[in-house]
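Residue 81 in UniProt numbering sits at position 81 of the sequence shown; the count goes up by one each step and never skips.
Heads up, the beta-carbon is just placed ideally off N, CA and C, and yes, glycines get one too.
These notes are about the structure you will find just below.
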Amino acid sequence: MFQQTSQWLRQFALVFVLSTLCWLGAIAPAHSFNNPELLPAQATNIVDLAGILTPVQKERLDAELAEFEAQTGWKLRVLTQYDRTPGLAVRDFWQLDDRSILLVADSRGGNILNFNVGDTAYRVLQRTFWVELQTRFGNQYFVRDNGEDQAILQSLAAIETCLAQGGCRAVPGLPKEQWILTLATSVFGGLILGFVARPRRSDQLIAWKWVLLFSPLWGMLFFAFGLGPVLVRTHEWLPLLRNVAGFALGSIVAFLIPFPTASPPVLEE
């Protein structure tokens with residue numbers, strides 16, 4: 001009898017708790033999914049709920065986005081949020097369509113940038129562009145050194161540049177860290193070329209067979225990873241010339257510097 005009463009009490013308590021939670025959930029407003037009251041009454045291209053941009057920056061950027069839309073037909077919008085978000089309400093507020101790009105800045109994650117891209121815009125600027133744009137300007141190191149406002153402004157500048165010229169294979173601009181990586185791969189490719197080109201016989205100047213045999217390796221390092229990223233991201237000649245010089249220097253050093261060889265054993269008398 002006591003066990004039946006105890007079991008009945010546990011069941012009653014469980015039902016009471018579940019009913020209370022469901023009742024509280026029914027009356028709690030869903031701010032995270034659709035919250036149109038957070039949107040301003042007046043028309044604007046920027047909704048800065050997180051307060052990332054200064055009033056001067058918002059005024060200037062709002063005019064710039066309006067002018068860009070009037071000239072090109074591309075609709076760029078900016079939403080910054082932190083603890084609250086208007087959610088799906090921005091779709092009707094801005095009448096987002098296939099030629100729309102919504103930049104969402106939210107500092108609660110590891111990367112503050114996210115992009116909602118229309119179908120037509122996605123065909124012009126494809127997935128690799130958006131991934132590189134997010135990782136270049138939205139990462140914690142860039143935000144720490146330059147600020148959240150610059151992450152937004154420089155991302156929009158890159159988007160406008162590429163849309164105006166009909167698309168980009170990569171995000172314009174060559175960061176210093178990325179150029180150093182291309183220089184390192186160029187030098188490494190030159191070292192491989194110089195080493196395999198060393199003559200194996202006394203009557204041989206260059207080991208052409210070995211150069212051709214290893215051409216996929218040193219060619220990939222120099223052309224694909226050394227020159228390719230520079231050519232698609234900038235029109236400046238200086239980074240290109242430095243990479244070519246690094247490749248040539250690596251080749252010469254590996255070709256000319258003698259490597260120590262094992263001396264023949266000495267026979268004791």
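{"Item": "Have a look at Val211, Ala105, Arg200, Asp119 and flag the residue whose alpha-carbon is nearest the alpha-carbon of leucine 191.", "Value": "Val211"}
{"Item": "Take isoleucine 159 as the anchor and find which of Arg91, Leu76, Arg108, Leu113 has the nearest alpha-carbon.", "Value": "Leu76"}
{"Item": "Whole alpha helix (DSSP H) runs in the stretch 98-163 with 4 or more residues, listed along the chain?", "Value": "119-124, 127-137, 140-146"}
{"Item": "Measuring only the C-alpha atoms, how far is asparagine 146 from proline 175?", "Value": "13 angstroms"}
{"Item": "Just to confirm, are valine 104 and asparagine 114 a CB contact at a threshold of 9 angstroms?", "Value": "yes"}
{"Item": "What separation, rounded to the nearest whole angstrom, lies between the Cα atoms of valine 47 and arginine 144?", "Value": "23 angstroms"}
{"Item": "Using 8 angstroms for Cβ pairs, my map puts glycine 118 next to serine 100. What's the rounded Cβ distance?", "Value": "5 angstroms"}
{"Item": "By DSSP, does aspartate 92 sit in helix, in strand, or in coil?", "Value": "helix"}
{"Item": "Buried or exposed, going by whether 16 or more other CB atoms sit within 10 Å of the CB of alanine 41?", "Value": "exposed"}
{"Item": "Is it buried or exposed, serine 215, if we count other Cβ atoms within 10 angstroms and call 16 or more buried?", "Value": "exposed"}
{"Item": "Are there 16 or more other CB atoms within 10 angstroms of the CB of tryptophan 237, so buried, or fewer, so exposed?", "Value": "exposed"}
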